[in-house]
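Asks:
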Amino acid sequence: MVDLRIVAESLPKTRKKYLTDSYAKEMITDIVATFNERGKKYYLVSRETIFHPLGGGQPSDTGFILGENFQFRVKKVLDVNGVLFHYGILLKGELPQGDANAKLLLDWDKRYKIMRIHTAGHILDYAVNEVLGGEFETLSASHSAENAYVEYKIPPSLKLDLRSLEAKANEVAKSCLQVRVVFAESNDIHEVLKNAPNLRRLPNLTEYRIVVIDKVNSIPCSGTHVANTCEIGEIKVLKSNETPGGVAIYYDVYP
Ligand SMILES: [Zn+2]
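Printed below as a string of structure tokens:
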């Protein structure tokens, strides 16, 4: 077994291309290290990546890494103290010893659906506040294509009408609002934030990445989003479940 926390200490932090360009489907970069897990299973570390790792409510991207002499299937990506490990299976050839060029290639259809779902999650945050008339924290979220939900800290006494929630969310989505990413230093962050939940749980950083949907909300987030709310399509609120801390709202986007 490879101890990722130990090997990460001697590696450069991976440049995360998806933070500034969520639409990059492929890129050429260098492989800086490879680690054999067992058999054909490896971890690959590249200088830069377009693969979003598991975390922040977002599932890991999948795809391929293709070199001159190898084909590698990326099954999941893990962020260990800023070093991104692409875990997967060597399909063909041999991995390079030392630095070598390779092409990273995302499973784009899957990623794009996640971008639509994730952006719809930001809109749900707004719609919950609007429909219930208050500010409600989020407790957990999953922006996976198969099982998307956001869990809100809503007291059991408040009844959330799902059809009103869905209507409000779609009203925003269909307004074709721009979704922008801005970077702000910690001193300036409160000038940029708007309707952002969970500020008490904000990690201590020197710089924050904030996802801004004009007129809706501005939320610190490291995930991938669409550039315009029209790309989301139709938001369907599927069901709600009471949880120990509040209510989980399950949703999907169509087509
Ligand atoms: Zn986000």
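Quick note: the sequence shown, position 116, residue 1306 per the working numbering, numbers continuous.
All residues carry an ideal CB built from backbone N, CA and C; glycine is no exception.
In this text the structure is predicted, and so the values were computed from the model without any measurement.
#1: Output needed for Y1465: all residues of its chain with C-beta closer than 7 Å, excluding positions within five of it in sequence on either side, in chain order.
#2: Going by Cα to Cα distance, which pick from R1399, I1422, I1196, G1253 is closest to I1409?
#3: For the segment 1379 to 1394 and the segment 1266 to 1279, state whether three or more C-beta atom pairs, one from each stretch, are separated by less than 8 Å.
#4: Just how far apart, CA to CA, sit N1271 and L1395?
#5: Looking at C-beta atoms only, is the number of pairs between the segment 1429 to 1444 and the segment 1343 to 1353 that lie closer than 8 Å three or more?
#6: Beta strand (DSSP E) containing K1231: first to last residue?
#7: Measuring from the CB of H1489, is there a heavy atom of ligand 1 at a distance below 7 Å?
#8: Give me, in chain order, the residues of the same chain whose beta-carbon lies closer than 6 Å to that of G1283; leave out the 5 immediate sequence neighbours on both sides.
#9: Under 7 Å from any heavy atom of ligand 1, by CB: list those residues in chain order, please.
#10: Quick check on K1207 - is its C-beta less than 8 Å from some C-beta in chain D?
#11: Are A1338 and I1307 touching if we call contact CB-CB under 8 Å?
#12: Are V1264 and G1246 touching if we call contact CB-CB under 8 Å?
#13: Which class does I1344 belong to by DSSP, given the choice of helix, strand or coil?
#14: Am I right that K1293 and E1216 are in contact with their C-beta atoms under 8 Å? What's the rounded C-beta distance?
#15: Could you compute how far the alpha carbon of R1237 sits from the alpha carbon of R1353?
Replies: Quick answer:
#1: Coverage of the chain is limited to positions 1191 through 1445, which leaves residue 1465 absent and any answer about it impossible.
#2: Position 219 of the sequence shown, counted from the start, is the residue given in the question as residue 1409. Per the Cα distances, R1399.
#3: no
#4: Your numbering for residue 1271 matches position 81 in the sequence shown. Your numbering for residue 1395 matches position 205 in the sequence shown. Distance between the alpha carbons of N1271 and L1395: 14 Å.
#5: yes
#6: By one-based count along the sequence shown, residue 1231 stands at place 41. Taken as a continuous stretch (DSSP letters only), the beta strand (DSSP E) holding K1231 covers 1231 to 1236.
#7: Here the chain comprises residues numbered 1191 to 1445, so residue 1489 is not present and cannot be evaluated.
#8: Position 93 of the sequence shown, counted from the start, is the residue given in the question as residue 1283. N1259, F1260.
#9: H1308, G1311, H1312, V1401, I1409, C1411, G1413, H1415
#10: Among the protein chains of the structure shown there is no chain D, as only one such chain exists.
#11: Residue 1338 sits at position 148 when you count from the first residue of the sequence shown. Residue 1307 sits at position 117 when you count from the first residue of the sequence shown. Judged by their CB atoms, A1338 and I1307 are nearer to each other than the 8 Å cut-off.
#12: Locating residue 1264 in the sequence shown gives position 74, counting from the first residue. Locating residue 1246 in the sequence shown gives position 56, counting from the first residue. The beta carbons of V1264 and G1246 sit no closer together than 8 Å.
#13: Taking the first residue of the sequence shown as 1, we reach residue 1344 at position 154. Of the three classes helix, strand and coil, the one that applies to I1344 here is coil, per DSSP.
#14: Within the sequence shown, the letter at position 103 stands for residue 1293. Within the sequence shown, the letter at position 26 stands for residue 1216. Approximately 6 Å separates the beta-carbon atoms of K1293 and E1216; this is inside 8 Å, confirming the contact.
#15: Within the sequence shown, numbered from 1, the residue matching residue 1237 stands at position 47. Within the sequence shown, numbered from 1, the residue matching residue 1353 stands at position 163. R1237 and R1353: Cα-Cα distance of roughly 46 Å.
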